[in-house]
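There are 4 protein chains.
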Amino acid sequence: MARYRVLIDSEDEKGLVYKISKIFFEQNLNIISNNEFVDKVNNKFFMRTEVDGDINSDALKEKLQQILPSNANINIKLPNRKNVILMATKESHALGDILIRHFDGELEADIKCVISNYDTLKPLVEKFGIPFITVSHEGLSREEHEKRILDVLKGYDVDYIVLAKYMRILTSDFVKNYENKIINIHHSFLPAFIGANPYKQAYERGVKIIGATAHFVNDNLDEGPIIAQDITEVNHAYSWRDMQQIGRDVEKVVLSKALKLALEDRIFVYNNKTVIF
Amino acid sequence: MARYRVLIDSEDEKGLVYKISKIFFEQNLNIISNNEFVDKVNNKFFMRTEVDGDINSDALKEKLQQILPSNANINIKLPNRKNVILMATKESHALGDILIRHFDGELEADIKCVISNYDTLKPLVEKFGIPFITVSHEGLSREEHEKRILDVLKGYDVDYIVLAKYMRILTSDFVKNYENKIINIHHSFLPAFIGANPYKQAYERGVKIIGATAHFVNDNLDEGPIIAQDITEVNHAYSWRDMQQIGRDVEKVVLSKALKLALEDRIFVYNNKTVIF
Amino acid sequence: MARYRVLIDSEDEKGLVYKISKIFFEQNLNIISNNEFVDKVNNKFFMRTEVDGDINSDALKEKLQQILPSNANINIKLPNRKNVILMATKESHALGDILIRHFDGELEADIKCVISNYDTLKPLVEKFGIPFITVSHEGLSREEHEKRILDVLKGYDVDYIVLAKYMRILTSDFVKNYENKIINIHHSFLPAFIGANPYKQAYERGVKIIGATAHFVNDNLDEGPIIAQDITEVNHAYSWRDMQQIGRDVEKVVLSKALKLALEDRIFVYNNKTVIF
Amino acid sequence: MARYRVLIDSEDEKGLVYKISKIFFEQNLNIISNNEFVDKVNNKFFMRTEVDGDINSDALKEKLQQILPSNANINIKLPNRKNVILMATKESHALGDILIRHFDGELEADIKCVISNYDTLKPLVEKFGIPFITVSHEGLSREEHEKRILDVLKGYDVDYIVLAKYMRILTSDFVKNYENKIINIHHSFLPAFIGANPYKQAYERGVKIIGATAHFVNDNLDEGPIIAQDITEVNHAYSWRDMQQIGRDVEKVVLSKALKLALEDRIFVYNNKTVIF
């Protein structure tokens with residue numbers, strides 16, 4: 083007996099819940115939790131079910147394939163520890179938050195290493211016994227720098243890459259290797275203040291609320307599917323550095339929240355958006 | 083063809099989703115939206131499904147009864163306009179918010195009348211062509227006053243009574259006539275500051291956040307099942323009257339939210355708690 | 083004895099608080115509340131003080147002028163009822179919220195009339211005994227339409243114009259007549275989703291939080307000084323119409339909040355930003 | 083030239099701002115920021131001013147004493163690094179958050195040591211080179227246990243003690259040694275759910291929002307002056323352990339926020355409440 087996550091996304095058609103739950107019933111699986119969503123506009127069906135039972139994954143998948151539309155995606159997973167690589171630059175708050183949670187056993191993840199273009203955070207990371215790999219961008223073209231990072235990444239079986247305030251833009255060529263696998267924290271309430279120095283932009287604009295956005299990085303930076311957002315209030319007395327400081331508390335919580343959703347297989351991506359169960 | 087809401091709560095047992103969705107499938111119903119929740123601790127199953135189709139309600143209910151545990155509750159409803167009675171005292175913000183929404187056609191409800199122990203709000207209510215009935219408590223015992231209100235209420239087929247800042251305590255005898263049908267707004271973040279003058283209590287305690295709570299009134303005031311809550315920030319510079327003023331914006335939005343959830347048949351009550359879909 | 087609001091903004095220089103409070107002291111004024119802010123980056127000083135006392139406004143102003151930099155702005159005001167014109171199109175939530183507050187006596191304002199390009203809201207407005215003036219844009223150029231609105235406005239001594247979901251863009255020529263006097267509610271978390279249909283834009287982008295922004299309209303629509311913002315959470319299950327519906331609760335509260343700040347002389351504008359006390 | 087914080091609280095009387103700012107002006111001090119608050123109900127005056135200048139603290143204090151009511155409190159401080167002792171039990175989130183901020187240089191504090199009744203967190207704390215002192219309560223009376231903790235504390239010149247999820251109740255005898263110096267995080271939205279297991283209480287009550295409260299510990303646990311609060315939304319699907327998990331993100335941010343306010347001398351305490359600038 084084990085607890086499996088069954089993840090299905092598919093074209094919608096009548097009777098899907100019935101047909102799927104029939105299979106679960108016939109296989110004598112116990113449904114622990116079940117979430118469905120149908121996007122009527124795009125005729126898409128999403129389902130995440132946790133089941134307890136004695137499963138032959140391959141057999142179950144085959145049965146599901148028989149009753150689902152042919153282009154359906156079916157994933158049957160045991161809650162395993164996923165392999166995560168962190169990337170950062172100089173700020174420690176987002177990285178540190180993940181390191182503490184990891185130390186605490188809160189994350190279903192093994193953090194394989196931290197990659198940075200500076201060695202600023204090395205002393206922090208090494209406290210936790212995690213390899214810290216500096217890949218300096220000094221004197222390198224963007225392509226050459228990314229190639230060196232890719233060389234490091236290839237040494238691991240990567241499930242997710244988390245950009246914990248990694249302050250360099252990644253090229254499309256880089257990210258296409260890891261579609262829906264790179265999670266970034268952008269320090270604004272996207273789509274406001276895309277690009278550099280969002281806190282300075284927010285200060286200049288005189289906003290009364292600032293935010294942070296965790297999203298997958300696909301193609302264009304800051305334009306990938308949004309996973310989680312949160313905000314905090316500011317006022318005229320905040321300098322942009324004050325906004326940056328208070329914004330960090332939002333950034334780290336939002337990024338860790340997004341990472342946990344990913345680790346728990348709660349995110350579906352389509353049409354550059356997310357369905358989150 | 084019409085859109086029905088099928089509401090089921092029941093003891094949980096294996097295969098319920100399968101058995102229910104099988105009936106929907108065999109009846110050729112199209113599932114528009116579906117929400118389920120299983121409370122594993124109490125072994126309770128809740129389901130709210132919107133289906134399109136050509137339904138014989140009684141026949142469908144009978145089929146569902148055959149496959150559900152014998153003590154299951156099954157409701158099959160067309161989205162109808164429910165009969166709502168508002169009760170208020172002197173403050174206009176919560177009442178006015180509902181009147182505007184009603185005027186706007188936002189609520190699936192007919193507001194049959196407003197009952198008040200004062201006539202302060204009569205000019206406002208009558209603008210909207212809604213009967214305003216003053217039932218003064220002057221010189222009456224609580225029981226006698228409530229009896230007069232009950233006499234008014236008996237003239238209507240009441241679905242919900244909304245206490246839009248009705249500032250008198252209702253007795254158990256009164257509320258037992260309308261179990262899970264009386265929605266109150268309490269001007270604090272329950273269970274903090276139960277009872278009278280919660281803003282004064284909040285001021286005295288020096289809290290940094292105040293809130294409001296919409297809940298069903300069953301037996302003990304302020305202790306019924308919570309439907310919705312929201313908060314707003316305050317600080318040392320707020321007098322209790324300032325808190326009261328800013329709190330009104332939270333109160334009215336929370337109460338209207340709770341009313342809409344009720345009108346859309348989105349609330350299940352059990353164990354003095356709510357499941358909200 | 084009366085309570086005055088003394089509003090000062092000025093270049094900053096050493097000793098301003100001392101020099102101003104000296105005058106208050108010598109005039110035997112009692113300070114009820116006092117707020118100051120210095121923008122060090124732009125060397126600007128802002129102060130709002132409520133004082134009780136027996137004041138000759140002109141004499142007090144003259145004394146303040148003598149000790150303040152020559153280009154300082156000094157306003158000494160009794161809390162009077164300001165003249166407000168509302169403009170709306172077809173939606174009633176923001177307009178209705180202001181009407182109820184006005185009816186309730188919550189606003190330091192006389193609502194002189196409501197101007198709309200449709201007559202949809204006439205029945206609502208007239209309930210409250212407020213003149214409703216339809217200025218249709220049918221068959222008119224933008225300039226001609228605005229000229230007709232200006233003709234109406236010229237009949238009043240206008241303190242503030244509130245765009246309570248007035249769905250037409252105002253030209254620069256129009257708004258320059260009312261600098262920092264037109265308050266708009268934009269149904270997004272500006273600067274995200276500038277322009278038309280922000281809820282549709284938000285839906286397409288897949289955001290997890292939506293918001294509303296109240297701002298002064300100067301020159302470019304949606305780019306004026308921000309007064310107040312608030313947000314609410316959404317998720318993948320929200321259609322853009324659901325977002326619109328829930329967004330209305332944020333819009334109306336934010337707009338009314340901004341209006342109250344204006345009526346209480348709590349807003350200073352500079353550099354396209356606001357200082358709010 | 084240095085930047086000082088001048089903290090004054092006093093009975094209120096007419097002319098205080100004038101008299102104080104006169105002294106600042108005559109001493110040729112430059113006001114960087116200034117906050118005042120007058121509690122009219124209790125006739126109390128509070129002021130926090132940051133000034134740049136060449137100060138003789140004692141002389142300045144003497145001058146202020148001459149013009150202030152005799153029972154006024156006057157503190158003139160350089161922003162120094164305060165001595166902080168952390169106390170914790172087994173949970174790492176709140177402690178870890180402070181450790182990361184400390185490592186990052188975000189806090190004006192030297193963390194002298196961590197005291198715990200278990201050694202669970204020793205590996206985490208020692209990573210950061212901070213002494214970890216286990217004071218087990220096993221087999222000891224409460225008084226004896228506290229005496230041992232006091233013996234440790236006496237070895238330090240303590241400015242603040244932070245209870246970062248220290249799960250034992252401190253006696254009045256203990257806390258009276260550190261009035262307004264012990265900051266606790268209570269894992270509920272006080273005054274709701276005082277006492278043990280607040281998440282379980284919140285779950286049982288069926289609340290829709292949970293919170294956390296940072297407060298000073300004086301006399302009765304959970305009843306001291308509130309410094310900061312924040313909340314997060316929950317729903318029927320949350321078990322109490324889910325609430326506990328998500329609540330941790332609120333707890334740690336609120337506790338760190340309160341600590342920073344204390345370190346920056348932004349908190350005044352009176353009448354079991356706080357004024358926060």
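Residue numbers (this note's numbering), protein chains in the order written: chain G, 83 to 359; chain Y, 83 to 359; chain E, 83 to 359; chain R, 83 to 359.
Ideal placement from N, C-alpha and C gives every residue a C-beta, glycine not left out.
None of these values were measured; they are calculated from a predicted model.
- Any Cβ of chain R closer than 9 Å to the Cβ of G:Ser338 would place that residue at the interface, and such an atom is present.
- Contact annotation: in the segment 309 to 325 of chain G, residues whose CB is within less than 9 Å of a CB in chain E are Ile309, Ala310, Gln311, Asp312, Ile313, Glu315, Asn317, His318, Ala319 and Ser321.
- With a cut-off of 8 Å on Cβ pairs, the segment 263 to 275 of chain R is not in contact with the segment 190 to 199 of chain R, counting fewer than three such pairs.
- Within the same chain, and ignoring the five residues on either side of E:Asn116 in sequence, the residues whose Cβ sits closer than 6 Å to its Cβ are Thr131.
- Counted as a single uninterrupted DSSP element, the stretch harbouring R:Gly293 is not any alpha helix (DSSP H) but the beta strand (DSSP E) occupying residues Ile291 to Phe298.
- Taking a beta-carbon distance threshold of 9 Å, G:Gly288 counts as an interface residue toward chain E.
- Considering only Y:Ile180, Y:Arg224 and Y:Pro213, the residue with the shortest C-alpha distance to Y:Lys339 is Y:Ile180.
- Apart from sequence neighbours up to five positions away, the residues of its chain that approach Y:Asn112 with a beta-carbon distance below 8 Å are Val133, Asp134 and Gly135, ordered along the chain.
- Looking from the CA of G:Asn153, the closest CA among G:Ser92, G:Ile251 and G:Gly211 belongs to G:Ser92.
- The C-alpha of R:Met249 lies about 30 Å from the C-alpha of Y:Asp304.
- Restricted to the segment 181 to 220 of chain E, the beta strand (DSSP E) segments that are unbroken, complete and at least 3 residues in length are 191 to 198 and 214 to 216, listed in chain order.
- Here Y:Ala84 is near Y:Leu160, since their CB atoms are less than 9 Å apart.
- Distance from the Cα of G:Leu245 is smallest, within the candidate group G:Val123, G:Ile265, G:Ile149 and G:Glu346, for G:Ile265.
- Within the same chain, and ignoring the five residues on either side of Y:Ile328 in sequence, the residues whose Cβ sits closer than 8 Å to its Cβ are Ile292, Thr314, Val316 and Tyr320.
- Note on the segment 297 to 349 of chain G: whole alpha helix (DSSP H) runs with a minimum of 4 residues are 322 to 345, in chain order.
- For R:Lys290 and Y:Asn157, the gap between their C-alpha atoms comes out near 25 Å.
- Residue nearest to R:Thr216 within the set R:Leu203, R:Phe210, R:Leu222 and R:Arg224 is R:Leu203 (criterion: CA-CA distance).
- In this structure, the alpha-carbon of G:Ile231 lies about 21 Å from that of G:Leu341.
- If you look at G:Asp233, you'll find it in the alpha helix (DSSP H) that goes Arg224 to Leu235.
- Measuring C-alpha to C-alpha distances from Y:Lys143 to each of Y:Gly178, Y:Lys258 and Y:Leu89 identifies Y:Leu89 as the nearest.
- Note that the C-beta distance between Y:Tyr200 and Y:Ala344 is not below 9 Å.
- Nearest CB-CB separation between E:Val196 and chain R: not below the 9 Å threshold.
- For the segment 192 to 225 of chain Y, the beta-carbon criterion of a distance under 8 Å to any beta-carbon of chain E is satisfied by Leu206, Lys209 and Phe210.
- Note that the C-beta distance between R:Lys247 and R:Thr295 is not below 9 Å.
- Residue pairing of Y:Glu118 in beta bridges, as defined by DSSP: Y:Met129.
- In this structure, the CA atom of E:Val240 is about 5 Å from the CA atom of E:Asn165.
- Near chain R, meaning a CB-to-CB distance below 8 Å, the residues of the segment 113 to 142 of chain E are Ile113, Ile114, Ser115, Asn116, Glu118, Val120 and Lys122.
- Contact annotation, Y:Asp140 with Y:Val120: C-beta distance approximately 27 Å; criterion of less than 8 Å not satisfied.
- In the structure shown, Y:Ser139 falls within a helical segment according to DSSP collapsed to helix, strand and coil.
- Here Y:Lys334 is buried: its Cβ has 16 or more other Cβ atoms, across all protein chains shown, within 10 Å.
- Y:Ala170 sits in a strand when the DSSP states are folded into three classes.
- Y:Leu245 carries a strand assignment under DSSP once its states are collapsed to helix, strand and coil.
- The distance from the Cβ of R:Val257 to that of R:Asn300 is about 6 Å, consistent with a contact at the 8 Å cut-off.
- In the structure shown, the three-state DSSP call for R:Asn259 is helix.
- One finds Ile182, Arg183, Asp186 and Glu188 in chain R with Cβ atoms closer than 9 Å to the Cβ of G:His175, taken in chain order.
- G:Phe210 sits away from G:His227, with the two beta carbons spaced by 9 Å or more.
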